[in-house]
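Asker: In this note's numbering, the protein residues as written are 21 to 355.
We treat Cβ as the ideally placed atom computed from N, Cα and C, and that holds for glycine.
If you're wondering where the values come from, they're calculated on a predicted model, not measured in any experiment.
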Amino acid sequence: MPRAVNLARHPTGAVRPEDFEVVEAPRPEVPEGWFLIKNRVFSLDAGFRQWMSAGAGDNYLTGMQLNEPVQSIVLGEVVESRHPDFEVGTLVNARTAWEEMSLLDGTDLCSPLLAAEDLPLSEYMSTLGPTGMTAWLGLNHIGQPKPGDVVVVSAAGGAVGTIVGQLAKAAGCRTIGLVSSAAKAQWLTDEVGYDLAISREAHPDLAQALIEAAPEGIDIFFDNVGGSVLNTVMQHLQEGARLVLCGAISQYEAEVEPVSHTWELITKRARMEGFMFSDYTDEFPAVIEAMEKLLRAGELKTFDQCYQGIEQTPTAFCDMMSGASRGKCLVVLED
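Listed below in structure tokens is the structure:
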């Protein structure tokens, strides 16, 4: 019988594997206008954590309910269809849940996928999927990189951060990654290709580290963390800086620290803007094509950490939230 991962309790503070439960989920009947997919890859995304908490409001997504499958972006294959646009055998990306089978009607970020036969499906949940599109769209639409720009990326060792750093480097920018550990900082420069990495472990005074790393200021800040990191970076901006607000992982499991240096945006004529990759659905095909060219040319590398089997999903999600994983965190059911 198919299985799913339910939200067993609303997390308080750091999420734990016990907050989830793997359960049997009977194969659903397929009504007219719907289709059934067998999920093959789960994308694990830190942003979904905020909808797991008790009292989470309906803000972009609805708050998750207890004893219901945890919401997620997935890649699956149509195995039964009563929908004219989704034939059996079609691969699809969709926003559904941690479940081995999902019943869909073709809405909610659901789109057919034309995957290259020589690439693993996991690429389409990472560099060629929502993660890569988030990096590309945020950096290019809001960051607008130019050769010589100083680009700082928070959570630089994560899914989006590893791609943003490479794209910024390809655009001729100087790249600085912010991470938690010295080991991850070394990995960023040695493997991912950042020019410089600053770890909280080795440099607890981020403000001083930024003064030394970028004495003339920061042109682009791609933020995945929020909180105190955002507030600190805002005091080190170059005139005309662009701040790309992609995530706020520091706030998903803790008290929210308000932004406290907005005056810096005024005096530096800086721009700060948040976005969702789903704002640009019409650009998805072109972005995927551009990213695939970079990937095949060896100008872009994928860094992912794959967990095998639905039963590993709770552990994988907790590893990602704690910073134990590197790059994109995925659960592969069948690649």
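Report back the beta-carbon spacing between Asn244 and Ile218 to the nearest angstrom; my notes put them in contact at under 8 Å.
Answerer: Sequence index remark: in the sequence shown, residue 244 carries index 224 (1-based). Sequence index remark: in the sequence shown, residue 218 carries index 198 (1-based). Between Ile218 and Asn244 the Cβ distance is about 15 Å, and since that is not below 8 Å, they are no contact.
Asker: Quick check on the DSSP output: the beta strand (DSSP E) that includes Gly294 runs from which residue to which?
Answerer: Walking along the sequence shown from the start, residue 294 turns up at place 274. Start and end: 291 to 294.
Asker: In its own chain, which residues sit with a C-beta less than 6 Å from the C-beta of Val50, not counting the 5 before and 5 after it?
Answerer: Reading the sequence shown from its first residue, position 30 is the one you call residue 50. Excluding sequence neighbours, Val50 sits near Leu56, Glu100, Arg102.
Asker: Based on DSSP bridge pairs, tell me the residues matched to Glu41.
Answerer: Working through the sequence shown from its first residue, we reach residue 41 at position 21. According to DSSP, Glu41 bridges with Asn26.
Asker: Cα separation between Phe242 and Thr282?
Answerer: The residue labelled residue 242 in the question sits at position 222 within the sequence shown. The residue labelled residue 282 in the question sits at position 262 within the sequence shown. Distance between the alpha carbons of Phe242 and Thr282: 17 Å.
Asker: Return the first residue and the last residue of the beta strand (DSSP E) that Glu97 is part of.
Answerer: Position 77 of the sequence shown, counted from the start, is the residue given in the question as residue 97. Counting along the chain, the beta strand (DSSP E) containing Glu97 begins and ends at 91 to 101.
Asker: If the criterion is Cβ atoms closer than 8 Å, does the pair Pro132 and Val112 meet it?
Answerer: What you label residue 132 is simply residue 112 of the sequence shown in a count that begins at 1. What you label residue 112 is simply residue 92 of the sequence shown in a count that begins at 1. Cβ atoms of Pro132 and Val112: closer than 8 Å.
Asker: Rounded to whole angstroms, what is the Cα-Cα separation between Met340 and Arg29?
Answerer: Against the sequence shown, residue 340 aligns to sequence position 320. Against the sequence shown, residue 29 aligns to sequence position 9. Cα to Cα, Met340 sits roughly 19 Å from Arg29.
Asker: Roughly how far, in whole angstroms, is the beta-carbon of Gly185 from the beta-carbon of Thr195, given that I think they are within contact range, below 8 Å?
Answerer: In the sequence shown, residue 185 corresponds to position 165, counting from 1. In the sequence shown, residue 195 corresponds to position 175, counting from 1. Contact flag correct, Cβ pair sits at about 5 Å.
Asker: For a test of the three-state rule: what should DSSP assign to Asn87, helix, strand or coil?
Answerer: The residue you call residue 87 lines up with position 67 of the sequence shown. Correct three-state label for Asn87: coil.
Asker: Identify, in the order they occur along the chain, each residue of the same chain with its Cβ nearer than 6 Å to the Cβ of Asn87, setting aside the five sequence neighbours on each side.
Answerer: Looking up residue 87 in the sequence shown gives position 67. The answer, listed in chain order, is Asn26.
Asker: Which residues mark the beginning and the end of the alpha helix (DSSP H) in which Gly185 is found?
Answerer: Mapped onto the sequence shown, residue 185 falls at position 165. That run of the alpha helix (DSSP H) goes 179 to 190.
Asker: Report the three-state DSSP secondary structure of Glu303 (helix, strand or coil).
Answerer: Here residue 303 corresponds to residue number 283 of the sequence shown, with the count starting at 1. Three-state result, Glu303: helix.
Asker: Whose CA, out of Val171, Val35, Ala190, Pro48, lies closest to the CA of Ala317?
Answerer: In the sequence shown, counting from the first residue as 1, residue 317 sits at position 297. The shortest C-alpha separation from Ala317 is found at Ala190.
Asker: Would you mind working out which of Glu44, Met84, Ala34 sits nearest Pro22, comparing C-alpha positions?
Answerer: Counted from its first residue, the sequence shown places residue 22 at position 2. The shortest C-alpha separation from Pro22 is found at Glu44.
Asker: Compare the Cα-Cα distances from Val351 to each of Leu265, Asp324, Val172 and report the closest residue.
Answerer: In the sequence shown, residue 351 corresponds to position 331, counting from 1. Checked all of Leu265, Asp324, Val172; the closest Cα to Val351 is Asp324.
Asker: Per DSSP, what are the beta-bridge partners of Thr195 in this structure?
Answerer: In the sequence shown, residue 195 corresponds to position 175, counting from 1. Its beta-bridge partners are Val171.
Asker: Can you list, in chain order, the residues of its chain whose CB lies under 7 Å from that of Ser142, leaving out five sequence neighbours each side?
Answerer: Within the sequence shown, numbered from 1, the residue matching residue 142 stands at position 122. The answer, listed in chain order, is Val61, Asp324, Cys326, Leu350, Val352, Asp355.
Asker: Do the CB positions of Ala117 and Pro89 come within less than 8 Å of each other?
Answerer: For the purposes of this step, residue 117 is taken as residue 97 along the sequence shown, with counting starting at 1. For the purposes of this step, residue 89 is taken as residue 69 along the sequence shown, with counting starting at 1. Going by C-beta atoms, Ala117 is nearer than 8 Å to Pro89.
Asker: Measuring only the C-alpha atoms, how far is Gly168 from Pro48?
Answerer: Within the sequence shown, residue 168 is the residue found at index 148, counting from 1. Within the sequence shown, residue 48 is the residue found at index 28, counting from 1. Computed Cα separation, rounded: 55 Å.
Asker: On the DSSP letters alone, give me the boundaries of the beta strand (DSSP E) that Ser248 sits inside.
Answerer: If you number the sequence shown from 1, residue 248 lands on position 228. Taken as a continuous stretch (DSSP letters only), Ser248 belongs to no beta strand (DSSP E), being part of the alpha helix (DSSP H) at 247 to 253.
Asker: Got a sec? Which residues, its chain only, sit under 6 Å from Glu119 by beta carbon, not counting five neighbours each side?
Answerer: Counting from 1 along the sequence shown, the entry for residue 119 is found at position 99. Counting only Cβ-Cβ distances below 6 Å, and skipping sequence neighbours, we find Ala24, Ala45, Pro89.
Asker: Can you tell me the Cα-Cα spacing of Ala66 and Pro104, whole angstroms?
Answerer: Walking along the sequence shown from the start, residue 66 turns up at place 46. Walking along the sequence shown from the start, residue 104 turns up at place 84. The alpha-carbon atoms of Ala66 and Pro104 are separated by roughly 34 Å.
Asker: Ser174 to Met153, Cα distance in whole Å?
Answerer: By 1-based counting over the sequence shown, the position of residue 174 is 154. By 1-based counting over the sequence shown, the position of residue 153 is 133. The straight-line gap from Cα to Cα measures roughly 17 Å.
Asker: Which residues mark the beginning and the end of the alpha helix (DSSP H) in which Ala217 is found?
Answerer: Your numbering for residue 217 matches position 197 in the sequence shown. That residue, Ala217, is in no alpha helix (DSSP H); its beta strand (DSSP E) goes 216 to 219.
Asker: With DSSP as the reference, label Met341 as helix, strand or coil.
Answerer: Indexing the sequence shown from 1 puts residue 341 at position 321. It is helical.
Asker: Let's test the definition: count the other Cβ atoms within 10 Å of the Cβ of Arg289 and tell me whether it reaches 16, buried, or not, exposed.
Answerer: Sequence index remark: in the sequence shown, residue 289 carries index 269 (1-based). Looking at its Cβ environment, which holds fewer than 16 other Cβ atoms inside 10 Å, Arg289 is exposed.
Asker: Rounded to the nearest angstrom, what separates Leu226 and Tyr214 at their Cα positions?
Answerer: Within the sequence shown, numbered from 1, the residue matching residue 226 stands at position 206. Within the sequence shown, numbered from 1, the residue matching residue 214 stands at position 194. Approximately 17 Å between the Cα atoms of the pair.
Asker: What does the alpha-carbon distance come out to for the pair Asn59 and Glu236?
Answerer: Walking along the sequence shown from the start, residue 59 turns up at place 39. Walking along the sequence shown from the start, residue 236 turns up at place 216. Spanning the two alpha carbons is a distance of roughly 48 Å.
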